[in-house]
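Here the structure comes first, spelled out in structure tokens, and everything after it is commentary.
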Amino acid sequence: MIHLVLGGARSGKSRFAEQRVAEYAAIGYSCVYVATATALDSEMSQRIAKHQQDRVSSAHDWTLHEQAFDVAQTLVAIDKPQQVILVDCLTLLLTNHLLDPNPGRWPKQKSLLLECLTQLHSDVVLVSNEVGSGIVPMGELNRQFVDEAGWLNQAIASIADQVTLVVAGLPLALKQ
1 MIHLVLGGAR SGKSRFAEQR VAEYAAIGYS CVYVATATAL DSEMSQRIAK
51 HQQDRVSSAH DWTLHEQAFD VAQTLVAIDK PQQVILVDCL TLLLTNHLLD
101 PNPGRWPKQK SLLLECLTQL HSDVVLVSNE VGSGIVPMGE LNRQFVDEAG
151 WLNQAIASIA DQVTLVVAGL PLALKQ
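Its first residue numbered 1, the sequence shown is counted upward by one per residue in the UniProt record's numbering.
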């Protein structure tokens, strides 16, 4: 099962995804959190700390893997049946790669991710920002981010079993 959860900033997409994982925990699945964020400034450090606190206060135990670049390799390495993996979030993963001095790394990692998702025994819930609903941004890097995020979301949605758009905390099933 591959479930893509999309939404804008502060839409409730991570909370919704964590609730889906809680449903798996209730039937005995082990829960893994793959965090892609990197703390490049104090504000991002605070966001990461809040997510960590939210996981600590949740009703189930998480196994945490922090992975800013090689998510596909991590997924393959930790894969097993009766497990659900939450990847939060794909657009932070993309940002890490776009800021990486090695620009050739992203296409390979994207390809590996798409390839491995359909091969996993684990169920996977992927969180990503929907960034294509606004105006075309100014600046080459910003436009590249929007383009790459849109293409990544489309590629994952095409192989996903479920796709949910979360707006104002409300889920809208796009694919079931």
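Virtual Cβ for every residue (Gly too), placed ideally from N, Cα, C.
These figures come from a predicted structure and were not determined experimentally.
Between which two residues does the beta strand (DSSP E) harbouring residue i extend?
i	result
E140	Per DSSP, E140 belongs to no beta strand (DSSP E); it is in the alpha helix (DSSP H), E140 to I159.
E66	W62 to E66
K175	L170 to K175
Q83	Q83 to D88
A22	Not the beta strand (DSSP E): A22 falls in the alpha helix (DSSP H), residues K13 to A26.
L6	I2 to G7
Y33	S30 to A35
T164	Q162 to V167
Look at residue i and residue j and say whether their C-beta atoms are less than 8 Å apart.
i	j	result
C89	D61	no
G7	L165	yes
V131	V87	no
L113	V84	no
T91	A149	yes
A68	T38	yes
T36	L93	yes
Can you give me the start and stop residues for the alpha helix (DSSP H) that residue i sits inside?
i	result
S122	S122 -> no alpha helix (DSSP H), and no H or E assigned at all.
I135	Per DSSP, I135 belongs to no alpha helix (DSSP H) and is neither H nor E.
T74	V71 to I78
Say the cut is 7 Å; is the CB of residue i nearer than that to a heavy atom of the ligand ATP?
i	result
V84	Judged by which ligands are present, the structure shown has none, so any question about the ligand ATP falls away.
In whole angstroms, give me the CA-to-CA distance for residue i and residue j.
i	j	result
V136	Y24	38 Å
T74	H97	16 Å
L152	K110	8 Å
V146	S133	10 Å
C116	S14	22 Å
R143	E18	30 Å
F16	P171	8 Å
K108	L174	28 Å
I27	R20	12 Å
I78	T95	23 Å
S128	P101	23 Å
Q53	E140	36 Å
For residue i, collect the residues of the same chain with a Cβ closer than 6 Å to its Cβ; drop the 5 residues on either side in sequence, then sort them by chain order.
i	result
A160	I2 and L4
Q82	Y29
G12	V166 and G169
W106	H97
Once you ignore the five residues that flank residue i on each side, which residues in its own chain have a CB closer than 7 Å to its CB?
i	result
V76	C116
A157	L4, V163 and K175
residue 181	In the structure as shown, the chain begins at 1 and stops at 176. Residue 181 is therefore absent and cannot be evaluated.
Evaluate contact between the segment 120 to 136 and the segment 42 to 52, counting only Cβ atoms and requiring at least three cross-stretch pairs below 8 Å. no
Cβ contact (3+ pairs, closer than 8 Å) linking the segment 36 to 46 and the segment 151 to 171: The answer is no - the segment 151 to 171 does not touch the segment 36 to 46, with fewer than three Cβ pairs under 8 Å.
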